[in-house]
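Protein chains in written order, with our numbering: chain A, 5 to 324; chain B, 5 to 551; chain C, -15 to 203. Report on the following structure.
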Amino acid sequence: MLGFALSLIATLLHAAFIFAAAPLLMGLVGKIRAWALGRRGAPVWQPYLLLYKLLRKSTLVPETATELFAVWPVAAFLAISLAALLVPSFCTGMLTADLSDFITLIGLFALARAATVLGGLETGFGFGGAGAGREILFSIFAEAALLVVLLGFVLLAHGATVDGIAVAFATQHIGISVSLGFALAALLAVALTETGRIPTDNPSGHLELAMVHEAMVLEYSGRFLLLFEYAAMLRLLLWMDLIGTIFLPFFMARADDVLSWPLGLLCWVVKLGLMVVILSLFEISTAKMRVFRVPEFLGASMLLGFLAGVFLFVAARIGL
Amino acid sequence: MVGLPGQGMHLQLDALSLLFLGLLAPQIVASAVAGMRGSVTFWAFVLGMVLALAAADAFTLIFGFELMSAASWLLVLRGDARPATFYVTMAVFSGACLIPAVFLPASSVAFLLILLGAGAKAGLAPLHSWLPKAHPAPPAGVSALMSGGMVKVALYVLIRYAFIILAPAQQPWWGVVLIVAGLGSVLIGALRAMLELELKTVLACSTVEHVGLIAVGLGVALRAKAMGDPILAGLALQAALLCAVAHGLFKPLLFLGAGEVKHAVGTSSLNWLGGLMRGMPRLGGLMLLGAAGMAALPLGPGFAPEFLLLHAVIGAAATGGILARIGFTASLALLGLGAALALGAAVRLIGIGFLGRPRTLQAAAAEDIGRGPLFAMGLLAVLMLPVALLPGLVLQLLTPVVMELAPAAQTPPLAYVPVPLLLLGFLVLAAAGFVLQRWGVRGTRAAPSWNGGFGAPPPWLPFGDPLTQPSATGFAEPVARAIGQGLLTRDMADPAEEWVVAPLLRVHLKGVRLAERIRRATIRERLAFVFVALVLFLLALGLGEGG
Amino acid sequence: MSLTFSLAHLMGGIILLCGYSLLSQRRLAAMIMLYQMQACVLALAAFWQGYAQGEINLYLTGIITVALKGLLLPAGLREIVLRFNLVRAVESAMPMAMSLILGVGLIGIAVLVVLPSTMSAVSLTREDLAIALSVVLLGLLVMVTRRSALAQIIGFLSTENGLVLAAIGMPGMPFVAEFSVALLVLLAFLVVGIFLLRIREHFDTLDVTGIEAIERRGR
């Protein structure tokens, strides 16, 4: 009974933290990018101001849109929120642990993507169509890479839920392994594509020049745009949580052990900070790729994930 | 009594037959209500399918199968004469493989013949290129039943023989052949569904992809059963059967909708549709449900089968020799590619066809569907709800079938439960709604599209210039450049046409020429033939006696 | 002991990653950078193996590697690139996707070959050998699929790195072989450099596409 209550509180805390911290993360990334380039940059709480501004603006619906115009932002926001709730952040063993199967996560990503793409095709103008076509192209290789990388994790952890993988990696002494190194490289490539960062998409400002994410939400305004922007921030936090949970599962708290929570929270903050710094420094050191280089980039990461699986088989002492 | 002299026909229903009959029943009702009930050939088609499913002896099975083929060929011929010849060739080939196979004892040769015959009829690669040509030809009700029902009957024949009748001689490599054929179907079907322009052809290519998924599941189960792995066999069988159930619901719905689109707009080419959601909201909503199933989106009917199948392949990659493991890892990558391509095809179908602006005046003037088709599609949609929201329950209903096919199989509970996810979603929605109501600005305002500042279109183009809209070809162009150029032939045709059909046509032509040569033989040549035959017979007799 | 193996495999994995990335690069500068990184990690691996096995000779190998292949060779290659104005993209004889898939296939073959022949050895040594053989095969693939002579040389040097990786992983490799291998590389580089100079003087370009066309027609 006490364990259930503690898990419930942990789950609620997790929800509160991720919903509150997502814009802060985006702001931090922008701030560190600016510092690295020698500028002062916008304040760290700028995304909160953006969201508040969108909340207070009126919502315009284009005349050529259909009745489902409002459905797509809500669907995308819900799918990403569900995924963010399922991925553990500072503790494992929350109430949603059994639901957090990795393939369910992949499915929720696909749902969010489908909703965004259909939102882009709503008004029937060229920007949305171009963005939608490119997003579908990137998603094809990203999903294949993600599945192949997942195989490696499932084989090592003997379980397919993110929670289970985190617990297994934290308790087993896997050590540094070539397979996990390749899997990390592949997962980072997919994460960069899914969150729409350099080198696959240009996340700065609201320019639709890169014609991927911004082009699809071009026609949205007011609270619908709020939902899309918030979903993008949640997506960044969600992917950082995922990478942190799988590859840096040290000192994660247990949901039914209150005394481990402070350490878990501290480690979560440190992990996120580390990843924010690495992401910012990486973003300022490369340029955005040409569109048709991205499938090659993702295809190479899929093949790296495949290699991770192969080396796992070699190391596990299997005969022919 | 009809049937073989002295034996008659035997009918019997076991768990497998009941499942497939139950699969077929809503489709038959829907097609009949949607306008096919007056056609005698349609009912002959239905009779053939039911006979094949309820058969207890091989004669009834083959009789029903061929009746089904013949009736559907007549319906295809009436719809469009061009694919009819190709279709009947494949039907004859399929029959020619099946008929000897049912008389052979249990062996690998029998399995291969059954695989060729039933696989050709189901549209398994590399014998799949007839399906996207023949399925779009007849009226929508028949297309629905062909894609949703006839391929299921072919798969039923395959399942019954591979798992039950030929079980004493089973080998692990049988499953591997099925898996390879299935992966080919998935890749080519999903890619072509992404690139084709006609709505019905897109749906037919998606059928090829789903048949491939079912075949991969069956292959993993067959291999696991031959190697004595009960958990994997149960998991893979669950995946294959649930995929068949789900496909049998959303594919007929989509086909009926495509028929209605053609009826209302006059064309079913995606490049000439657009904005149909405004004029046909009921059809649009139903097509959206069907497309959610086709794309295997979570909280939709198609996700649970995909979930189970991916877990089955991951489980298969966790055991076995290194070559098998590498193969299963590669098949996992290919399944991921196929799933994402299917998502793209479904999104293209809804986004280009139903959203956006009308590309022709007919598309703008389309009227919503009548009561008959609405009832038919609504029935299928209502039946999709339990598969989408309570897949665990549906799997429990499927357990007797799984036990019949693999008696030692174990069926673990499903790890994907949509109802808690839905509850969580409602909670988040409630919270977000509260925030937006309390602090946000209410209501919306209509305004012209931003479109980067291009402004309103001129008055003589009421919906804007159709050329400024993304076309179906344009949407698929990045994928065509990245993948299509590698996998398809130079003019974006199916590779099976070049590598399977064209050589077979050449062989056929040579055979026809030889037959013509024999027919025109002179009297001297015919005498020579009889003489040579006599000499050979005497030689065989002499050698046989001497040895 | 497990930490020894893990670190050795980590470095081997990075060397393999560099060798694999060579296949996906189009620019000569990027290929030279990858080769330099590969050589530096190889030196680190040599140092680590020297510490783990207690062999002083491996420290020397590491120093030679870092001096010759980590600093001198890449500087020389960049000099060639600058002097002959070779800054264009490298053309390849087969599409990028195909060469990447072939690369993975080669690694799979290396794994398949190494496994049965070393069944008696410790499994972690098998991984070492598999990585080294993969690097050798990938270097050869780079040589086969690139049209520019300099890119082919970089592929050859990557193959060399793979051989050295295999050598340092095996305890008890004699020092003489190391020295000769290093000298061989240097000599090969000098010879090839002069060779390139002659080609460049003759044809004004180092792109061998034209020669391939003439050769084919000659047959």
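Heads up, the beta-carbon is just placed ideally off N, CA and C, and yes, glycines get one too.
Only Met306, Phe310, Gly313, Val314, Phe317 from the region 301 to 320 of chain A bring a Cβ to less than 7 Å from some Cβ of chain B. The CB of A/Val121 comes closer than 7 Å to the CB of Val351, Gly355 in chain B, given here in chain order.
According to the DSSP secondary-structure assignment, A/Val65 is paired through a beta bridge with B/Ala450. The beta carbon of A/Thr290 is closer than 7 Å to those of Ile202, Pro203 in its chain, skipping five residues each way along the sequence.
Flagged as an interface residue toward chain B: C/Gly92, by a C-beta distance shorter than 8 Å. When only Cα atoms are considered, A/Leu269 and A/Ala257 end up about 8 Å apart. Looking at the DSSP output, C/Leu55 bridges to nothing.
Per DSSP, the beta-bridge partners of A/Arg258 are A/Thr96. Boundaries of the alpha helix (DSSP H) around B/Leu71: 62 to 83. By the 16-neighbour rule on beta-carbons within 10 angstroms, A/Asn206 is buried. The secondary-structure analysis by DSSP pairs B/Ala59 across a beta bridge with B/Leu15. Within the same chain, and ignoring the five residues on either side of B/Leu383 in sequence, the residues whose Cβ sits closer than 7 Å to its Cβ are Pro30, Val33, Ala34. With a beta-carbon spacing of about 5 Å, B/Leu207 and B/Leu258 fall inside the 8 Å limit used to define contacts. Two segments are said to touch when three or more pairs of C-beta atoms, one from each, lie closer than 8 Å; by this definition the region 35 to 43 of chain A does not touch the region 416 to 429 of chain B. Judged by DSSP in its simplified three-state form, B/Arg510 adopts helix. Per DSSP, the beta-bridge partners of C/Ser132 are C/Asp191. According to DSSP, residue pairing for B/Thr415 in a beta bridge does not occur. Around the beta carbon of B/Asp495, fewer than 16 other beta carbons lie within 10 angstroms, which makes this residue exposed. Chain-order list of chain B residues neighbouring C/Leu96: Ile326, Leu327, by C-beta distance under 8 Å. DSSP lists B/Ser273 as the bridge partner or partners of B/Glu202. By the beta-carbon neighbour count (other beta carbons within 10 angstroms, threshold 16), B/Asp469 is exposed.
B/Gly278: not part of any alpha helix (DSSP H); DSSP gives it neither H nor E. Secondary structure at A/Asp205: coil, using DSSP grouped into helix, strand and coil. For B/Gly490, the nearest CB of chain C lies under 8 Å from its own CB, placing it at the interface with that chain. A/Phe142 does not reach chain C, its nearest Cβ partner there being about 15 Å away, counting only Cβ pairs nearer than 9 Å. By the neighbour-count definition (other C-beta atoms within 10 Å, threshold 16), B/Leu531 is an exposed residue. Measuring C-alpha to C-alpha distances from C/His(-7) to each of C/Asp112, C/Leu26, C/Gly177 identifies C/Asp112 as the nearest. The C-beta separation of C/Leu18 from C/Leu6 comes to about 5 Å, placing the pair in contact by the 8 Å criterion. Straight-line spacing of the CA atoms in A/Glu139 and A/Val318 works out to 36 Å.
Excluding its 5 nearest sequence neighbours in each direction, C/Ala51 has no C-beta neighbour in its own chain below 7 Å. B/Ala349 and B/Ala194 do touch by the CB rule: their CB atoms are close to 7 Å apart, below 8 Å. Against chain A, the beta carbon of C/Ser132 has no neighbour under 9 Å; the closest one sits roughly 19 Å away. Your pair B/Gly252 and B/Pro143 does not check out as a contact, with CB atoms roughly 19 Å apart and the cut at 8 Å.
By the CB criterion at 8 Å, A/Ala190 and A/Gly309 fall inside the cutoff. Remark: three or more beta-carbon pairs, one from each stretch, lie closer than 8 Å, so the region 47 to 61 of chain B and the region 13 to 29 of chain B are flagged as touching. Cβ-Cβ distances below 7 Å link A/Ala83 to Leu112, Leu115, Ala116, Ala119 in the same chain, with the five nearest sequence neighbours on each side left out; the list follows chain order.
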